[in-house]
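Residue numbers (the working numbering): 108 to 447.
Here it is as structure tokens:
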């Protein structure tokens, strides 16, 4: 099947043959390996579309469904999505794993300087793409849990009186909530004020919708209405997260939710489980929970397991690091994962 157009500048690749044909026809370009269930991939698609317009004439841009081209993924070393391959003059020159708009933008600028014709364009395109990526990230954070507080500091150590009062009110009302420390990320700190049209912090969201800041939360608490206000009847956020999780679990017999990737684990526990799985030769996929806050938080609720990594077989949780290593030591891990 031939590549099909997603936009005037971004091509959709759906088969190994189409990938090889695109590579032959476009010796210099960027390919985004994505999965339909991966929300950060959608934000990166928006970035790719804008970069393709900005760099027209110097590079070609495509998106490739990782689940449809497993042979290509193995060839290119794609172990998680989003994943980007950069080629120039017919050879691979770099790759990037993760939904980092700044890194992808900078690598594109590095390898594919704009032509004289496109260089006269303003930086509005790239700025718009970065803004779109930030908005997608903000939406992802807001919908990472049914109740989310964007605050200064952490619930156990608030860094301002308003944040402390909101945390105390939520805890007193028995509301279960997640939080995000805006002091640790200035992009989120400044961007969320624009996104929500709310100029100050903390900000409390329920089921993806802004409830309010300190004054409103304290008023609800004083009226005895805070718990009800933080209870979502529709549970849109949790249901959407659960649907994504079910889709991921159904797509692969064995999947490991971990910090980092198979080739670059970001914690010792994840590294140990990867080693145990590699040792028995089982085929498995990995998902980097550091790249997707909704899955990172939502899976803990879905599986009723509070830590990572988590290993699943046929949609059922096998266990975390201790259980996997115990099974490996006993020699039962292969059987538990369906190997004969």
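Backbone N, C-alpha and C fix where the C-beta goes; we use that ideal spot for every residue, glycine too.
Looking at the DSSP output, residue 265 sits in a beta bridge with 260. Taking C-alpha positions only, residue 370 is separated from residue 167 by approximately 28 Å. A direct Cα-to-Cα measurement between residue 250 and residue 338 gives close to 14 Å. DSSP places residue 310 in the strand class (E or B) of the three-state scheme.
In the same chain as residue 373, and ignoring 5 residues on each side of it, the C-beta atoms closer than 7 Å to its own belong to 366, 367 and 397, in chain order.
Following the DSSP letters along the chain, one finds residue 190 inside the beta strand (DSSP E) bounded by residues 190-195.
For the pair of segments examined, the region 311-323 was found to touch the region 252-269: the number of CB pairs separated by less than 8 Å reaches three.
A straight-line Cα-Cα distance of about 13 Å links residue 245 and residue 208.
The beta carbons of residue 211 and residue 191 sit closer together than 8 Å. Under the criterion of beta carbons closer than 8 Å, residue 380 and residue 416 qualify as touching, at roughly 5 Å.
For a cut-off of 8 Å, the C-beta gap from residue 187 to residue 394 is around 6 Å, short enough to register as a contact. In the DSSP assignment, residue 127 falls within the unbroken alpha helix (DSSP H) covering 123-132. With a cutoff of 8 Å on beta-carbon distance, residue 330 and residue 239 are scored as not near each other.
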